[in-house]
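Below: the structure, in structure tokens.
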Amino acid sequence: MKLPIRVILTAVVASAALVACAGKNTKPPAAEAAAPAAAAQPENNGGKYTVESLDTDSCLRQRVVYFDFDKSEIKPEFQAQIACHAAYLRQFPGARVTLEGNTDERGTREYNLGLGERRGNAVDSALVAAGASASQLNVVSYGEERPVCKEHNEGCWHKNRRVEIVYTAKQ
Amino acid sequence: MKPAMTHRIFARAFTALALMLAAAAAFAQGLSGDVPTIDIKNGTATATPIAVIPFAFEGTGLPPDTDVAAVIGNDLDRCGQFRTLPKADIVEYPTRGSEIKYPTWNLLKQAYILVGRQIENPGGDIRVEFELYDVAKQQQLLALAITGQRTGLRDVAHQIADLVYEKITGVRGAFWTRIAYITSTGTGNNIQYALMVADSDGFNPQTVVRSREPLLSPAWSPDGRKLAYVSFERGNSSIYIQEIATGSREVVSARKGINGAPAFSPDGTRLALTLSFAGHPNIYSMDLASHQITQLTKGYAIDTEPKWMPDGQSIVFTSDRSGKPQLYQIPATGGAATRITFQGNYNANASIAYDGKHIAMVQGNGNVYRIAVLDKTTGDSKPISVGNLDDHPSYAPNGSMLLYTATEGSRDVLYAVSANGRVRQRLVLADGDVREPSWSPYRQRGQ
Chain A
12 MKLPIRVILT AVVASAALVA CAGKNTKPPA AEAAAPAAAA QPENNGGKYT
62 VESLDTDSCL RQRVVYFDFD KSEIKPEFQA QIACHAAYLR QFPGARVTLE
112 GNTDERGTRE YNLGLGERRG NAVDSALVAA GASASQLNVV SYGEERPVCK
162 EHNEGCWHKN RRVEIVYTAK Q
Chain B
18 MKPAMTHRIF ARAFTALALM LAAAAAFAQG LSGDVPTIDI KNGTATATPI
68 AVIPFAFEGT GLPPDTDVAA VIGNDLDRCG QFRTLPKADI VEYPTRGSEI
118 KYPTWNLLKQ AYILVGRQIE NPGGDIRVEF ELYDVAKQQQ LLALAITGQR
168 TGLRDVAHQI ADLVYEKITG VRGAFWTRIA YITSTGTGNN IQYALMVADS
218 DGFNPQTVVR SREPLLSPAW SPDGRKLAYV SFERGNSSIY IQEIATGSRE
268 VVSARKGING APAFSPDGTR LALTLSFAGH PNIYSMDLAS HQITQLTKGY
318 AIDTEPKWMP DGQSIVFTSD RSGKPQLYQI PATGGAATRI TFQGNYNANA
368 SIAYDGKHIA MVQGNGNVYR IAVLDKTTGD SKPISVGNLD DHPSYAPNGS
418 MLLYTATEGS RDVLYAVSAN GRVRQRLVLA DGDVREPSWS PYRQRGQ
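For the record, the sequence lines run as chains A and B. For the first sequence, our numbering assigns the number 12 to the initial residue and increments by one for each residue that follows. For the second sequence, our numbering assigns the number 18 to the initial residue and increments by one for each residue that follows.
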């Protein structure tokens, strides 16, 4: 069971840290504090990330991709997020991710299961295109069954039209 | 039906039913009392006026808790074709035909009058005798009796309503049926889903299955003994078939991707379903004896929500192959699909009336989603609901009414609406959300 609180936090982090995402040297204070511990870890495959980076790296901490209504195209602002998760997955071949596809409440539940899967597949394809292995990825669609927001307006619907990147194995 | 002959069968049926309900009650989810709230949203002047007189009790013990006449009256009001005389306007209380003073009921402009009495049998069960009269003709139309246990009198009342309905309209009544629906209560980590079954008026709810993960899309087997549904309890969607009486169940599909939208064929031998293991959601047909699947649709679109036509020869489903979701029809063995909806930019989730000519669906225009009925002969569709986020229509087996889900505030609630859209009733069955109603087939005696 995924906590909506986590999702909301992720969303907040996502909006706050969008710019910082591309540059690995511009880390927020929280990441700075964790950096010494991360440095103590052995380097993995010569990559730039450690397992702790999932909690500390401003880009890797973004785990939600949002979509337009009835759409499954990944918007340009999420490319950086896709790229850093793909890089992490490439660096840690044992890492596994479930892509949870979700929709807003409009439309029928079974159709929305299809739409959620389409969004999950879009993120799946983008991650593979950016270097992740298909065998690391699993798509599950929840359709409209797991809203993070239950009001009937666009502000809320926007938050629900999403794919959550959930690590089931970190390395 | 010959009541004298069916007397024992009914008695046995109700014993079984009573035991089942008692067992179910022990597991029943915490509802706000056992009594659903029912509000009538609007009436109709064209409905047939009928006086349903409170049934007298003849016996030495306490009268039964169930007000049989009230249950019958509520059934008749709910379907939109009848308008019962308000209790305050009932001035005389005949309990048998010989006591009816026709001028009184003529004056009250009643077309029909139903009278009856509940007679306590030595064994403790109740024999409900009832008589239906045409007021203008002063003519007896029905004089029958049904026996049931004290705890099963709602079932007896629904069967009487069915007989009255059939006698007057010529169409079999569908009040003695059941509904399946999904509830969800709580939020966040404490959310709890349940698949429920209740009488057609929402009474006697029983839990079929409970889960902490989403449940959806309940579908009845044609014999009314089983439900197919989708559960996420394994982490991904899976389709289960569960026997209602025993609770025994089996997973019939847990493939990669979507396992959704189960629908039993009218003969009960096959299950139409949506599977995406091959890459995209497509319609498949599963032989329930062997569990072998046959792919019916192909392509990259979302094809889902298959529903069988009553003759079992073809399947109506939702597809966005033309851009937005629309309804299509395909032979049950596969082949070319024909688009059947052209009005409205979003048409999905068909419920097909028993005549195969009327198809209810979710019709979306902008941000407004309502239930509309498509007349398949003319191709015209018209809305029969008035909400903004209405979903999941389900026809009664006789096509006289539909159930659907409406979203009101932060809650999903069920509505019953007459097929002509004139009478709507809100059924508040539980705390939290109640959605995805599915109307059972006709009930069989002993079930």
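Ideal Cβ positions, reconstructed from N, Cα and C, are used throughout, including at glycine. Bear in mind the structure is a predicted one, so any value in this text is a computation, not a measurement.
So what's residue i in DSSP terms, helix, strand or just coil?
i: B:H409; result: strand
i: B:W7; result: In the structure as shown, chain B begins at 18 and stops at 464. Residue 7 of chain B is therefore absent and cannot be evaluated.
i: B:Q155; result: coil
i: B:N382; result: strand
i: B:Y110; result: coil
i: B:P81; result: coil
i: A:A180; result: strand
i: B:Y119; result: helix
i: B:R227; result: strand
i: B:V173; result: helix
i: A:K86; result: coil
i: B:P20; result: Unreliable placement is indicated for B:P20, whose pLDDT of 42 sits below 50; the coordinate value is still reported in the next sentence. Helix at B:P20.
i: A:D68; result: coil
i: A:D135; result: helix
i: B:K315; result: coil
i: B:D92; result: helix
i: B:V390; result: strand
i: A:V159; result: coil
i: B:E148; result: strand
i: B:Y459; result: coil
i: A:I93; result: helix
i: B:D142; result: coil
i: A:Q52; result: For A:Q52, the predicted structure reports a pLDDT of 46, less than 50, and the residue's modelled location is therefore unreliable. A value from the coordinates is still provided. Residue state, collapsed to three classes: coil.
i: A:Y60; result: coil
i: A:A143; result: coil
i: B:I401; result: coil
i: B:I130; result: strand
i: B:T358; result: coil
i: B:D179; result: helix
i: B:L187; result: Sequence check: residue 187 of chain B is Gly here, not Leu. Correct three-state label for B:G187: coil.
i: B:G285; result: coil
i: B:D51; result: For B:D51, the predicted model reports a pLDDT of 44, less than 50, meaning its position is unreliable and no value from the coordinates is stated.
i: B:G219; result: coil
i: B:L161; result: strand
i: A:G118; result: coil
i: A:G127; result: helix
Any heavy atom of the ligand HEM inside 8 Å of the beta-carbon of residue i?
i: B:L406; result: In the structure shown, the ligand HEM is absent, as is every other ligand, since no ligand is present at all.
Tell me, please, which residues DSSP counts as bridged to residue i.
i: B:Y198; result: B:M213
i: B:W237; result: B:L244
i: A:A98; result: Paired residue(s): none; A:A98 is not in a bridge.
i: B:S368; result: B:A377
i: B:W325; result: B:I332
i: B:E267; result: B:I258
i: B:V451; result: B:T200
i: B:Q166; result: B:Q166 is not bridged to any residue.
i: B:V434; result: B:L419 and B:R441
i: B:F74; result: B:Q135
i: B:G296; result: DSSP lists no partner for B:G296.
i: B:T65; result: B:F99
i: A:N149; result: A:T109
i: B:I310; result: B:M303
i: B:T291; result: B:G277 and B:I300
i: B:D429; result: B:T424
i: A:E175; result: A:V75 and A:E111
i: B:L232; result: B:S248
Going along chain C, which residues have a C-beta under 7 Å from residue i?
i: A:L71; result: This model lacks chain C altogether, as its protein chains are A and B.
Checklist entry - If contact means a Cβ-Cβ distance below 8 Å, which residues of the stretch 359 to 387 of chain B contact chain A? => result Y363, A365, N366, V379, G381, N384 and Y386
Item to check | Stretch-stretch touch, CB-based, cutoff 8 Å, three pairs: the stretch 110 to 121 of chain B with the stretch 448 to 459 of chain B | outcome: no
Item to check | Entirely enclosed alpha helix (DSSP H) segments - the stretch 329 to 356 of chain B, minimum 4 residues | outcome: none
Item to check | Interface residues of the stretch 161 to 178 of chain A facing chain B [CB-CB below 7 Å] | outcome: Along the stretch 161 to 178 of chain A, the positions whose C-beta sits under 7 Å from a C-beta of chain B are K161 and H163, read in chain order.
Next on the checklist: Please list, in chain order, the residues of the stretch 393 to 412 of chain B that have any C-beta partner in chain A closer than 8 Å.
Outcome noted: Of all residues in the stretch 393 to 412 of chain B, N405, L406, D408 and H409 have a Cβ within less than 8 Å of some Cβ in chain A.
Checklist entry - Looking at chain A, which residues of the stretch 268 to 280 of chain B have a Cβ within less than 8 Å of any of its Cβ atoms? => result G274, I275, G277 and A278
Item to check | Three-pair Cβ contact test at 8 Å for the stretch 102 to 111 of chain B versus the stretch 191 to 210 of chain B | outcome: As far as the Cβ criterion goes, the stretch 102 to 111 of chain B does not touch the stretch 191 to 210 of chain B, which means the pair count is below three.
Item to check | Cβ contact check for the stretch 164 to 171 of chain B and the stretch 201 to 208 of chain B: 3 or more pairs under 8 Å | outcome: no
Checklist entry - Are the stretch 301 to 311 of chain B and the stretch 127 to 145 of chain A touching, with three or more C-beta to C-beta distances below 8 Å? => result no
Checklist entry - Which residues, in order along the stretch 85 to 119 of chain A, keep a beta-carbon less than 8 Å from a beta-carbon of chain B? => result E116, R117, G118 and T119
Next on the checklist: Using a Cβ-Cβ cutoff of 7 Å, what residues of the stretch 211 to 245 of chain B are near chain A? List them in chain order.
Outcome noted: R229, P231, L233 and S234
Checklist entry - Are the stretch 339 to 346 of chain B and the stretch 356 to 369 of chain B touching, with three or more C-beta to C-beta distances below 8 Å? => result yes
Item to check | Selection of the stretch 306 to 324 of chain B by Cβ proximity to chain A, strictly under 9 Å | outcome: A318, I319, D320, T321 and E322
Checklist entry - Looking at chain B, which residues of the stretch 123 to 134 of chain A have a Cβ within less than 8 Å of any of its Cβ atoms? => result Taking 8 Å as the cut-off between beta carbons, the residues of the stretch 123 to 134 of chain A near chain B are L124, G125, L126, E128 and R129, in sequence order.
Checklist entry - Listed in chain order, which residues of the stretch 330 to 349 of chain B have Cβ atoms closer than 9 Å to some Cβ of chain A? => result T335, D337, K341 and P342
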